[in-house]
Amino acid sequence: MSNTNVKILLEELKDTSALMLDLAYSSIFFNNKEIAEEVMLLYEKIENVEENLYMHLFSASRGTYNSKLISLIDIVESTKNIANAARNLANLVIDGRELHPVIKEAIEDSDELISRVTICENSSAINKTLRELGEKLAVNMIAIRRKKEKEYKWIFDPKIDTKILAGDTIIIVGHESACNTFKQLLQQTDDQ
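Last residue of the sequence shown: 217 (the working numbering), numbering continuous.
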């Protein structure tokens, strides 16, 4: 078993489950099905990472009992429980369950929202860095979902010099007006 591979997979599992929880709560607070659907996509990723981790761990055990491996399995299971909780929260929104009035009051009083925007093929934002785009508006970019061959890759907490590519889906948090302006900027085309 390569400790590096297991470490990378554990980090990916942790980062993904943390993002899922943030997005799930946001989808509830803002009653946003779009964000809830992102949680479901991330859950599929969690299952794939979990399967990869178990393959590494079981091949390393070679059928023998190892207490260190058991602790890793416990961590994987606990992280999967967090992902399940996030999925359950997101399902409340997807199923259209009515929110308790207290939650609605919190939504009305909220200063920020979470949103996503997909970069079109001829967007003027393509090949620009987050630094170039972010200096113009006050939004926080939580993640970028990028298509890589036949699957999606998530970039969590993207760095300031990350370039935007056509087809990227960007998850942003900010004041409603800033989010709307930023979405318009990302959807502008070179001929506008």
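Virtual Cβ for every residue (Gly too), placed ideally from N, Cα, C.
Inter-residue spacing [alpha-carbon to alpha-carbon] between ASP120 and ARG87
44 Å
Give every residue of the same chain whose Cβ lies closer than 6 Å to the Cβ of SER51, excluding the five residues on either side of it in the sequence, and list them in chain order.
ILE60, ILE139
Residue(s) in a DSSP beta bridge with SER140
ILE197
Are the CB atoms of ILE71 and LEU38 nearer to each other than 8 Å?
yes
Tell me SER148's beta-bridge partners as DSSP assigns them.
THR214
Backbone secondary structure at LEU91 - three-state DSSP:
First, the residue type needs correcting, since residue 91 is Asn and not Leu in the sequence shown. If DSSP states are grouped into helix, strand and coil, ASN91 belongs with coil.
Are the region 166-176 and the region 187-194 in contact at 8 Å, needing three or more beta carbon pairs?
yes
Check whether the Cβ atoms of ILE185 and THR206 lie closer than 8 Å to each other.
no
How would you call ILE189, buried or exposed, if buried means at least 16 neighbouring beta carbons within 10 angstroms?
buried
Taking DSSP as the reference, what is the three-state secondary structure of GLU176?
strand
Same chain only: Cβ atoms within 8 Å of SER202, ignoring 5 sequence neighbours per side
none
Mind checking whether SER42 and THR104 have CB atoms under 8 Å apart?
yes
Ends of the alpha helix (DSSP H) at ALA61?
58-86
Straight-line CA distance for LEU67 to ASN91?
30 Å
Ignore the nearest five residues each way along the sequence and tell me which others in SER135's own chain have a CB closer than 8 Å to its CB.
PHE54, PHE55
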